[in-house]
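Here our numbering is used: the first residue of the sequence shown is 517, the next is one more, and so on. A virtual CB, placed ideally from N, CA and C, is assigned to each residue, including glycine. Everything below concerns the one structure shown next.
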Amino acid sequence: MEKEIKDINLIIIGGGPAGLTAGIYASRAKMNMLLLENEIVGGQIRNSYLVENYPGFKKISGAELSDAIQSQAEECGAVIDEFDVIEKVKFMDNEKIIETESYIYKPKAVIIATGASPKKLPIRGEQEFLGKGVHYCAVCDGAMYEDKIVGVVGGGKAALEEAIFLTTFAKKVYIIRRHDYFKGEQSVIDEAINNEKIEILYNEDILAVEGSDFVEKAIIKNTKTGIERELELEAVFGYIGTEPKTDLFKDYIEMDSYGYIKTDEQMRTNVKGVYAAGDVRVKEFRQITTAVSDGTIAALGSEKYVKDLEK
Numbered sequence: 517m518e519k520e521i522k523d524i525n526l527i528i529i530g531g532g533p534a535g536l537t538a539g540i541y542a543s544r545a546k547m548n549m550l551l552l553e554n555e556i557v558g559g560q561i562r563n564s565y566l567v568e569n570y571p572g573f574k575k576i577s578g579a580e581l582s583d584a585i586q587s588q589a590e591e592c593g594a595v596i597d598e599f600d601v602i603e604k605v606k607f608m609d610n611e612k613i614i615e616t617e618s619y620i621y622k623p624k625a626v627i628i629a630t631g632a633s634p635k636k637l638p639i640r641g642e643q644e645f646l647g648k649g650v651h652y653c654a655v656c657d658g659a660m661y662e663d664k665i666v667g668v669v670g671g672g673k674a675a676l677e678e679a680i681f682l683t684t685f686a687k688k689v690y691i692i693r694r695h696d697y698f699k700g701e702q703s704v705i706d707e708a709i710n711n712e713k714i715e716i717l718y719n720e721d722i723l724a725v726e727g728s729d730f731v732e733k734a735i736i737k738n739t740k741t742g743i744e745r746e747l748e749l750e751a752v753f754g755y756i757g758t759e760p761k762t763d764l765f766k767d768y769i770e771m772d773s774y775g776y777i778k779t780d781e782q783m784r785t786n787v788k789g790v791y792a793a794g795d796v797r798v799k800e801f802r803q804i805t806t807a808v809s810d811g812t813i814a815a816l817g818s819e820k821y822v823k824d825l826e827k
């Protein structure tokens with residue numbers, strides 16, 4: 517059966533803070549728009565235990581903030597389609613095609629807000645124990661390790677926050693840090709250092725996880741002495757950075773060597789009418805607030821672009 521072809525003014529790809537904000541602005545401008553998200557709306561912040569740096573909220577969970585932004589977007593008239601997976605795209609200056617499992621869309625403008633996903637731990641046993649002791653979301657899987665010993669790999673804000681969150685369940689949390697310093701807000705660093713359930717292993721790198729059906733231990737190596745040793749634990753949570761979700765667009769959109777999309781300050785890509793917003797684009801700081809800003813600029817730009825086409 518042939519797929520139905522739909523002409524539309526704007527398609528937003530991705531339902532994180534950047535995409536949802538773009539949806540708010542586009543729908544308020546009465547654009548004929550659709551937001552496509554092939555997973556759960558909210559993006560990475562939905563998995564954040566606590567958000568303390570978003571203006572207007574002293575403290576709010578990532579899930580609550582995601583729900584609030586989604587609710588506002590929908591009340592403004594944004595149309596959101598979850599789980600209709602995009603199969604392929606074609607982005608040209610004079611034509612844009614997005615084919616999903618259900619439809620073929622021909623939008624006049626596109627905003628790419630697909631974000632980034634956690635990098636996989638480059639260790640032996642990662643695939644074998646994925647979901648059975650190797651995890652990338654403490655909010656999702658932390659409750660599995662009530663009164664257990666777990667490890668967190670990473671040295672940024674996300675790793676520190678997730679280690680703190682895991683102390684809610686685990687009796688002990690190791691932070692495995694390959695350097696002797698952390699990146700992130702000093703208040704978060706201090707909170708982790710002063711938590712009696714957390715032990716920080718500086719200058720240690722994780723090489724492997726081992727066990728029978730589930731993880732039982734990790735093999736770590738001191739980055740200064742080269743000495744390897746076993747560390748008894750039952751789970752490892754990885755927070756070693758992110759990688760952009762851009763494979764779908766690589767034949768049409770200019771990217772840097774890491775796969776992040778290049779844009780100008782107006783969020784415009786190398787293809788006319790195609791914008792990028794949020795963590796998916798080349799930028800120095802990746803925060804919820806910067807994603808929201810990107811989404812605003814991209815939506816206003818796409819509105820102007822479509823209006824100019826219609827003149």
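Exercise for the section: Note down, in chain order, each residue of its chain lying with its Cβ closer than 6 Å to the Cβ of N548, except the 5 sequence neighbours on either side. Expected result: The residues are I524 and N525.
Problem - Same chain only: Cβ atoms within 7 Å of H651, ignoring 5 sequence neighbours per side - result: D657, A751 and F753
Handout entry: Short Cβ contact (8 Å threshold) for E662 with I596
Key = 8 Å or more divides the Cβ of E662 from the Cβ of I596.
Problem - Nearest residue (CA-CA) to A542, options E819, K823 and L825 - result: Answer by Cα proximity: E819.
Handout entry: C-alpha gap between I665 and N563, whole angstroms
Key = 21 Å
Exercise for the section: Less than 8 Å between the CB atoms is what I'm expecting for Y821 and G789, so what's the real figure, rounded? Expected result: 5 Å
Practice task
Identify which residue in E590, D772 and Y755 has its Cα closest to the Cα of D763.
Solution key: D772
Practice task
Pick out the complete beta strand (DSSP E) segments inside the stretch 579-606, 3 residues or longer, and give them in chain order.
Solution key: Runs of the beta strand (DSSP E) inside the stretch 579-606: 596-598.
Handout entry: Minimum C-alpha distance to G531 - residue among E555, Y619 and R693
Key = E555
Exercise for the section: Verify whether the separation of the beta carbon atoms of I720 and I736 is less than 8 Å. Expected result: According to the sequence provided, residue 720 is Glu. The question's Ile does not apply to it. A contact, by the Cβ cut-off of 8 Å.
Problem - Contained beta strand (DSSP E) runs [length at least 3] in the stretch 689-743, N- to C-terminal order - result: 714-717, 720-727 and 731-738
Exercise for the section: Using only alpha-carbon positions, find the residue among I691, F599 and R544 that is nearest to A734. Expected result: I691
Handout entry: Alpha-carbon spacing of A815 relative to E644, whole angstroms
Key = 42 Å
Exercise for the section: Using 10 angstroms around the beta-carbon of S703, count the other beta-carbons present and answer buried if the total reaches 16, otherwise exposed. Expected result: exposed
Handout entry: Inter-residue CB distance, G672 and G559 (contact presumed, cutoff 8 Å)
Key = 17 Å between Cβ atoms; not a contact.
Practice task
Using a threshold of 8 Å, state whether the C-beta atoms of I614 and V605 are closer than that.
Solution key: yes
Problem - Cβ pair I516, I529 closer than 8 Å - result: The structure shown does not extend to residue 516, since the chain is modelled only from 517 to 827, so the question has no answer here.
Problem - Among Y570, D810 and E677, the one whose alpha carbon lies nearest that of N710 - result: E677
Handout entry: C-alpha distance - L551 paired with L536, whole-angstrom precision
Key = 8 Å
Practice task
Specify the secondary structure class of A793 as computed by DSSP and reduced to three states.
Solution key: coil
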